[in-house]
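Trainee:
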Amino acid sequence: MDLNKRYTPQSWPDHPETATLEGKNKFIGFWLLLAAETVTFASLFATYLALKDRGPSGMEFTSSGLFELPLVFAMTMILLTSSLTSVYAIHHMKNHNFKAMQAWLGITVLLGVVFLGLEIYEFNHYVHLGFGYTNSAFSAAFYTLVGTHGAHVLFGLSWFIALMIRNSKRGLNTYNAPKFYLAALYWHFIDVVWVFIFTVVYLMGAIS
Amino acid sequence: MSSLAQKKGVGAIIWDYLTTVDHKKIAILYLISGGIFFLIGGLEAMLIRIQLMKAGNDFLSAGLYNEMITMHGTTMIFLAAMPILLGFMNAVMPLQIGARDVAFPFLNSLGFWLFFFGGIFLNLSWFMGGAPDAGWTNYASLALASESHGIDFYALGLTISGFGTLIGGINFLVTIINMRAPGMTYMRMPLFTWTTFVASALILLAFPPLTVGLFFMIFDRMFGANFFVVEMGGNTIIWEHLFWIFGHPEVYILILPAFGIFSEIFAIFSRKRLFGYTALVFATILIGFYGFMVWAHHMFTVGLGPTANAVFALATMIIAVPTGIKIFNWLLTIWGGSIKFTVPMVYAVAFIPSFVAGGVTGVMQAIAPLDYQLHDSYFIVAHFHYVIVGGVVLAILAGVHLYWPKMFGTMLSEKLGMVTFWFFFIGFHLTFFIQHFLGLLGMPRRVYTFGADQGWDLFNAISSAGALLMAIGVIVLLVNVVITTVKNVRVGNDPWEDGRTLEWAIPSPPPFYNFAQTPLVRGLDTYWIEKMEGNKKGMVYAEPLGDIHMPNGSIIPFIMSFGMFVASFGALYFQDDSKPWTLAVLIIGLAILFGSMLVRSLKDDLGFHITKEELMEDLKKGGNTDGSK
Ligand code: HEM
Ligand SMILES: [Cu+2]
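Residue numbers (the working numbering), protein chains in the order written: chain A, 1 to 208; chain B, 209 to 837.
1) Classify B:GLU741: buried if its beta carbon has 16 or more other beta carbons within 10 angstroms, exposed otherwise.
2) What are the uninterrupted segments assigned as alpha helix (DSSP H) that are 4 or more residues long and contained completely in the segment 3 to 73 of chain A, given in chain order?
3) Per DSSP, B:TYR749 is paired with what?
4) Between B:MET209 and chain A, is the shortest Cβ-Cβ distance under 8 Å, so that the two count as touching?
5) Any idea which residues DSSP pairs B:SER585 with across the strands?
6) Which residues mark the beginning and the end of the alpha helix (DSSP H) in which B:MET392 is found?
7) Please look up how many angstroms separate the CB atoms of A:PHE138 and A:PHE61, rounded, as I've assumed it's under 8 Å.
8) To the nearest angstrom, report how far apart B:GLU458 and B:PRO340 are at their CA atoms.
9) Is B:GLY217 buried or exposed, if buried means 16 or more other CB atoms sit within 10 Å of its CB?
10) Step through the CB atoms of chain B and report whether any lies within less than 8 Å of the CB of A:TYR133.
11) Which residues of chain A have a Cβ atom closer than 9 Å to the Cβ of B:ALA193, listed in chain order?
12) Roughly how many angstroms lie between the CA atoms of B:ASP733 and A:GLY147, to the nearest whole one?
13) So, do the segment 314 to 322 of chain B and the segment 750 to 766 of chain B have three or more beta carbon pairs nearer to each other than 8 Å?
14) Would you verify that the beta carbon of A:ILE78 is, or is not, closer than 8 Å to some beta carbon of chain B?
15) Going by DSSP, which residues form a beta bridge with B:PHE816?
16) Determine whether the Cβ of B:SER809 lies closer than 8 Å to any Cβ atom of chain A.
17) For B:PHE782, I'd like the list of residues in its chain whose CB is within less than 6 Å of its CB, leaving aside the five on either flank, ordered along the chain.
18) Using Cβ-Cβ distances below 7 Å, what residues of the segment 344 to 368 of chain B are close to chain A?
19) Run through DSSP, which three-state label would B:ARG481 get?
20) What does the Cβ neighbour count give for B:TYR580, buried or exposed, with the cut at 16 atoms within 10 Å?
21) Per the DSSP calculation, B:THR618 is bridged to which residue(s)?
22) What whole-angstrom Cβ distance do B:LEU322 and B:PHE371 have, given they're in contact under 8 Å?
23) How long is the line joining the alpha carbons of A:GLY132 and A:ALA141, rounded to whole angstroms?
24) Can you tell me the Cα-Cα spacing of B:VAL564 and B:GLY544, whole angstroms?
25) Do the segment 267 to 275 of chain B and the segment 686 to 695 of chain B touch if we need at least three Cβ pairs shorter than 8 Å?
26) Excluding five sequence neighbours on each side, which residues of the same chain lie with their C-beta closer than 7 Å to the C-beta of B:PHE629?
27) Would you kindly report the start and end of the unbroken alpha helix (DSSP H) that includes B:LYS854?
28) State yes or no: is the C-beta of B:VAL459 nearer than 7 Å to some heavy atom of ligand 2?
29) Rounded to a whole number of angstroms, what is the C-alpha to C-alpha distance between B:VAL300 and B:ILE285?
30) Pick from B:VAL420, B:HIS637, B:ARG730 and B:TRP664: whose alpha carbon is nearest that of B:ALA558?
31) Using a Cβ-Cβ cut-off of 8 Å, state whether A:LEU44 counts as contacting chain B.
32) Can you look up B:PHE454 in the DSSP assignment and give me helix, strand or coil?
33) Within 8 Å of any Cβ in chain A, is that where the Cβ of B:MET440 sits?
34) Who are the near neighbours of A:PHE198 in its chain, counting only those whose CB is closer than 6 Å to its CB and skipping five residues on each side?
35) Is the segment 716 to 732 of chain B close to the segment 384 to 401 of chain B, with three or more CB pairs under 8 Å?
36) Please compile the residues from chain A whose C-beta is within a distance smaller than 8 Å of the C-beta of B:ASP812.
Structure below.
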């Protein structure tokens with residue numbers, strides 16, 4: 001593969017992410033990885049449901065009393081928006097518009113950082129209430145499920161940033177297009193998981 | 209960049225293997241390290257059998273005995289059987305589908321090194337304050353009460369090596385999906401490739417639950433979480449579910465590739481097309497599918513209730529159907545074939561009754577009310593050794609003989625091979641057949657000794673004698689390997705003379721680019737078809753001779769795995785107040801891991817080309833250079 005080959009929007013392939021064999025391999029491999037991730041989160045969700053509200057006798061925390069729905073709703077909106085902005089970024093990637101892609105990725109990253117900041121604030125708040133990691137089975141299951149998602153967000157952000165910096169000078173080619181594409185795919189996956197967290201942990205927690 | 213072989217020193221060879229991304233060399237690494245772990249696990253088994261040789265023995269203390277059975281089981285499953293099978297997959301599968309390499313050579317190497325460091329980490333527990341002692345199933349109620357760091361070694365070690373296995377599984381799946389040579393449709397894939405495919409899919413979906421369970425265990429023991437701590441609202445049954453949601457598919461991850469190896473052997477040495485190829489393929493898929501729906505048969509006595517037990521009992525019995533289909537297909541493959549009783553074939557024939565016996569006891573255990581009697585007795589021990597030794601280990605031994613020439617270019621002695629076989633086969637049945645009756649007489653598993661008045665002396669003594677025979681068999685195999693390597697008589701492309709699939713159409717060992725020209729596949733058992741049509745080259749080509757693109761070697765997988773290894777020590781001692789350095793070690797290890805990951809993703813690595821001229825030069829010399837620099 002020639003990294004110096006210059007593309008124009010006309011010569012740019014329709015599906016740059018799968019234009020090479022490596023791209024195709026990464027594409028399939030990444031979907032398989034997401035399958036494994038799905039099973040991982042399924043296990044975490046199942047455990048959470050089994051341990052929800054369980055603690056030492058007399059534990060004061062319950063999911064209906066603890067969670068701050070307005071904050072979490074704001075976080076949900078922010079993350080959903082960031083998924084949308086990453087769609088724009090990939091749209092511009094497919095049109096070989098590097099600058100626009102970088103700009104939209106930048107917005108995505110900003111939104112992600114805000115999300116992560118709010119999550120840290122949220123956790124910090126609960127810990128101050130006395131709901132620490134070692135408080136109960138409930139707290140362990142909660143922080144592990146939501147925290148694993150948070151770690152994914154952190155990884156996704158680092159991935160975007162590394163790609164943006166690494167390629168800032170050289171633009172798009174069929175070598176890095178799959179990387180951008182997959183990072184965005186990963187971001188969507190994180191978003192979907194969050195939708196489930198919002199529903200299962202927070203909404204169902206509030207009504208129970 | 210030229211890359212054809214020169215003579216080189218020991219240091220260069222070691223460096224070559226540390227950095228290699230060639231699937232054939234990674235296969236050798238898997239085989240050697242898996243083999244060493246197999247010997248360690250075997251030694252542990254011998255010590256167990258010495259302890260149980262007579263009533264009231266005090267050869268091993270009760271505590272040491274628990275460590276011994278735990279490490280034996282864990283080592284054999286995770287560090288011996290699975291890696292050796294992954295080794296065969298690496299050695300053979302890409303050749304069978306006519307590929308030059310796997311889809312992700314770099315990840316292939318990473319997968320190996322993670323397994324390797326995970327295994328070393330686990331075994332270091334022997335020297336660093338005690339091995340795990342809660343059984344290979346590591347039930348949480350036992351594990352949380354265990355005082356040494358053994359369980360921590362177990363949880364962290366298996367996490368590391370589990371990541372390696374998962375990466376390996378994804379890599380094989382993508383390789384099979386994307387890298388097949390032209391004409392190699394799914395329904396022309398050799399059965400070993402098919403079983404690799406399904407076993408990899410099982411790895412993909414079964415390892416995450418185990419990893420999650422292990423993380424819970426790590427958090428509970430090292431960071432004060434309460435997943436399994438009942439007083440704090442936890443639930444120990446969660447561990448059992450997660451473990452067995454992984455654990456039952458795991459036994460199929462082991463047995464399916466074994467089925468694959470035997471399928472190849474039956475066809476080759478009966479000199480006949482596999483009977484019912486399509487049925488075999490679908491039975492494989494079906495077994496993989498059902499494999500996920502039966503895990504609770506390990507938990508009949510937990511008290512999940514009659515409905516759950518009935519459902520899981522039925523599902524379990526259904527699995528025996530596709531397994532039976534396979535047995536009949538193999539029998540009908542032999543039927544009317546012109547059979548050659550080589551060492552691999554003898555193993556294959558011996559496998560059938562042995563494995564069927566294990567399947568029958570499996571179905572007995574699937575009857576939930578009966579399982580209340582059998583559970584946790586020696587009957588269970590007999591069952592799973594019949595399927596694992598009578599199935600998986602026989603396949604590994606058969607595979608070693610079958611593929612040795614392809615991997616190393618020399619032929620193991622058939623005579624010594626037969627000696628190994630008879631010692632091992634007789635020893636195996638002697639050891640485990642009688643354990644069925646020990647179980648029925650009431651002897652519980654995982655108990656370090658028994659009384660002279662319980663009537664179990666004679667059967668235990670016989671069982672221990674059998675283990676000795678198996679050990680002799682394995683030692684003869686090692687002698688065989690040494691003699692063969694020293695003699696170094698080189699063999700040609702198709703040393704068994706009846707090879708049917710593409711790996712036998714190229715030199716032994718193959719050149720590092722595998723196929724100078726990508727083959728065109730014209731049917732099932734392509735090489736056989738070409739041979740029958742008198743094609744001297746053994747292949748038709750899908751492309752003219754041209755430049756070949758190859759990946760660069762890299763030390764990064766090794767460093768990344770080492771980083772995880774270091775970080776694990778930090779986590780392990782995290783709760784010890786006497787060790788203030790743990791956090792620093794944890795952070796340094798993770799920094800090594802993520803730092804090298806970053807380097808990998810920022811540095812362009814486009815590989816290199818072998819030019820057509822170099823290729824022609826190489827082909828003139830016989831075309832089996834190993835390509836190291
Ligand atoms: C015909 C198919 C099979 C059936 C119906 C079957 C059924 C069972 C059942 C019901 C148990 C649980 C018994 C108990 O603990 O009370 C069991 C245990 C076990 N089986 Fe099988 N099995 C089959 C094949 C296999 C195969 C192919 C393997 C491995 C290659 C295997 C490996 C094991 C192991 C390792 C255990 C014991 C786990 C432990 O408690 O440590 N089984 N089997
Ligand atoms: Cu099972």
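All C-beta atoms, glycine included, are put in the ideal place defined by N, C-alpha and C.
Mentor: The short version:
1) exposed
2) 21 to 51 and 63 to 66
3) B:PRO727
4) The predicted model places B:MET209 with a pLDDT of 35, which falls under 50 and marks its position as unreliable, so this point remains unresolved.
5) B:PRO652
6) Segment: none, B:MET392 is in no alpha helix (DSSP H) and carries neither H nor E.
7) 7 Å
8) 20 Å
9) exposed
10) yes
11) Given a span of 209 to 837 for chain B in the structure shown, any question on residue 193 of chain B remains unanswerable.
12) 51 Å
13) yes
14) no
15) B:MET758
16) yes
17) MET430 and THR790
18) none
19) coil
20) exposed
21) B:ARG698
22) 5 Å
23) 11 Å
24) 22 Å
25) no
26) VAL551, VAL554 and TYR555
27) No answer is possible for residue 854 of chain B: it lies beyond the span of chain B, which begins at 209 and ends at 837.
28) yes
29) 21 Å
30) B:HIS637
31) yes
32) helix
33) yes
34) THR76
35) yes
36) LEU3 and TYR175
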